[in-house]
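Asks:
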Amino acid sequence: MSIEEGVLYVVATPLGNLGDISARAREVLDGVALIAAEDTRVAQRLLSHLGVQARCVSLHEHNEAARIPSILQILSEGASVALVSDAGTPLISDPGFRLVRAAREAGVRVSPVPGPSALIAALSVSGLPTDRFVFEGFLPSRSARRRARLQVLADESGTLVFYESSHRIADSLEDMAAVFGDARLAVVARELTKRFEQVVSAPLGELRAWVRADEDHRRGEFVVMVAGLPPSARREPSGISEAHVIEVLARALPTRQAADLAALITGGARQGLYREAQRVKRDGGDPDVGGA
Numbered sequence: 001m002s003i004e005e006g007v008l009y010v011v012a013t014p015l016g017n018l019g020d021i022s023a024r025a026r027e028v029l030d031g032v033a034l035i036a037a038e039d040t041r042v043a044q045r046l047l048s049h050l051g052v053q054a055r056c057v058s059l060h061e062h063n064e065a066a067r068i069p070s071i072l073q074i075l076s077e078g079a080s081v082a083l084v085s086d087a088g089t090p091l092i093s094d095p096g097f098r099l100v101r102a103a104r105e106a107g108v109r110v111s112p113v114p115g116p117s118a119l120i121a122a123l124s125v126s127g128l129p130t131d132r133f134v135f136e137g138f139l140p141s142r143s144a145r146r147r148a149r150l151q152v153l154a155d156e157s158g159t160l161v162f163y164e165s166s167h168r169i170a171d172s173l174e175d176m177a178a179v180f181g182d183a184r185l186a187v188v189a190r191e192l193t194k195r196f197e198q199v200v201s202a203p204l205g206e207l208r209a210w211v212r213a214d215e216d217h218r219r220g221e222f223v224v225m226v227a228g229l230p231p232s233a234r235r236e237p238s239g240i241s242e243a244h245v246i247e248v249l250a251r252a253l254p255t256r257q258a259a260d261l262a263a264l265i266t267g268g269a270r271q272g273l274y275r276e277a278q279r280v281k282r283d284g285g286d287p288d289v290g291g292a
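In my numbering, the protein residues as written are 1 to 292.
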């Protein structure tokens, strides 16, 4: 194939097994003028394996905005650029969204070079329904915010899909079991396509115990999939109002945290909830007016 001029190629790369690189991805990486990589060290290992020599620059969450003008300049001059993440398909819980949006707004053609994705790979072997699923990416790092987000998803009927890191997998499964119940069926996919790949299906209570029982079960990169709530188990609406939620939270928590959690629980506008939390604080004589 020939590399078109002035195109931003979004290139999927292997999750772990380098044999999963496509012939088209190899040709694109070998033919572009520049590769924008989440981590240039990771990209260089792949390029060395492929025998590709190409100029790489880093593009990650901390420098993406600053990199965009120079990359757009290269594209405007007729050269082509490839965007890659550390593994899988770029932009799926990885950097690149701002660059792709800016390129499209500038009239640059953006072309996908499809391939591996941990999300799709995990779903394909999960044994859970895949006709409808909700991808949440990474949950909040703090338990209170994580549980609040999970509570919003508790009645979701589609399969729930999350990414998780090794240092939070045990705590996340703990919170999922607390919110969804120990009996809810789930699947943990660990180190997909790599030497120690594991896909384990069990109720959340058992998965929680499995992860905590062995340090090796907490190593690597994880996709967690949770079965949706069956229609027969759906709860009737509680009738609890947005005003009641913010009233309760504002009396127990700092204003900002109360507003954040109320927004996650109710789906309401955070700004309005923040003002309501301030009112509750004033009326209740709480010293934390406009808290932190």
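Ideal Cβ placement from N, Cα and C applies to all residues, glycine included.
Looking at the secondary structure, which residues open and close the beta strand (DSSP E) in which Phe133 lies?
Replies: Taking the first residue of the sequence shown as position 1, residue 133 is located at position 133. Here the beta strand (DSSP E) through Phe133 covers Phe133 to Phe138.
Asks: Can you list, in chain order, the residues of its chain with a C-beta nearer than 7 Å to that of Asp288? Leave out the 5 residues immediately preceding and following it.
Replies: Here residue 288 refers to the residue found at position 288 of the sequence shown. Unreliable positioning characterises Asp288 in this predicted model, as indicated by a pLDDT of 45, which lies under 50. The coordinate reading is nonetheless provided below. Excluding residues within five positions, the ones whose Cβ falls inside 7 Å are Pro254, Thr255 and Lys281.
Asks: Please give me, in chain order, every unbroken run of the alpha helix (DSSP H) with length at least 4 that falls completely inside the stretch 81-146.
Replies: Qualifying alpha helix (DSSP H) stretches, in chain order: 97-105 and 118-126.
Asks: Using DSSP with H/G/I as helix, E/B as strand and the rest coil, what is Val32?
Replies: Within the sequence shown, residue 32 is the residue found at index 32, counting from 1. Three-state DSSP puts Val32 in coil, outside helix and strand.
Asks: With 16 as the cutoff for other CB atoms within 10 Å, does Gly127 come out buried or exposed?
Replies: Position 127 of the sequence shown holds residue 127. By the neighbour-count rule (16 or more Cβ atoms within 10 Å), Gly127 is not buried but exposed.
Asks: Just tell me which of Ala33, Ala252 and Arg67 has its CA closest to the CA of Gln53.
Replies: As a first step, residue 53 is located in the sequence shown; it is residue number 53 there, counting from the start. Comparing Cα positions, the closest option is Ala33.
Asks: Does the distance from the CB of Ser172 to the CB of Val223 come in under 8 Å?
Replies: Taking the sequence shown and counting its residues from 1, the one referred to as residue 172 is at position 172. Taking the sequence shown and counting its residues from 1, the one referred to as residue 223 is at position 223. Contact flag unset, no.
Asks: Evaluate contact between the stretch 76-91 and the stretch 145-162, counting only Cβ atoms and requiring at least three cross-stretch pairs below 8 Å.
Replies: Not touching, per the Cβ criterion.
Asks: Tell me the DSSP bridge mates of Ser58?
Replies: Within the sequence shown, the letter at position 58 stands for residue 58. Note: Ser58 sits in a beta bridge opposite Ala37.
Asks: If I'm right that Phe133 touches Val161 with Cβ under 8 Å, what's the distance once you round it to whole angstroms?
Replies: Position 133 of the sequence shown, counted from the first residue, corresponds to residue 133. Position 161 of the sequence shown, counted from the first residue, corresponds to residue 161. About 6 Å separates the two Cβ atoms, so the contact holds.
Asks: With DSSP run on the structure shown, which of helix, strand or coil describes Ser69?
Replies: Reading the sequence shown from its first residue, position 69 is the one you call residue 69. The residue asked about is misnamed: residue 69 is Pro in this sequence, not Ser. The answer is helix: DSSP assigns Pro69 an H, G or I state.
Asks: Give me the residue from Gly137, Glu136 and Ala122 with the minimum Cα distance to Thr130.
Replies: For the purposes of this step, residue 130 is taken as residue 130 along the sequence shown, with counting starting at 1. When each option's Cα is compared against that of Thr130, the closest is Ala122.
Asks: Between the stretch 142-151 and the stretch 104-118, do at least 3 Cβ pairs fall closer than 8 Å?
Replies: These segments do not touch.
Asks: Going by DSSP in three states, Val52 sits in which element: helix, strand or coil?
Replies: Reading the sequence shown from its first residue, position 52 is the one you call residue 52. Val52: coil per DSSP, three-state reduction.
Asks: Please specify which runs of the alpha helix (DSSP H), each continuous and at least 4 residues long, are wholly inside the stretch 197-239, giving them in chain order.
Replies: For the stretch 197-239, whole alpha helix (DSSP H) runs of length 4 or above, ordered along the chain, are 204-213.
Asks: Taking DSSP as the reference, what is the three-state secondary structure of Ala186?
Replies: Along the sequence shown, one-based indexing puts residue 186 at 186. Ala186 falls in the strand class under three-state DSSP.
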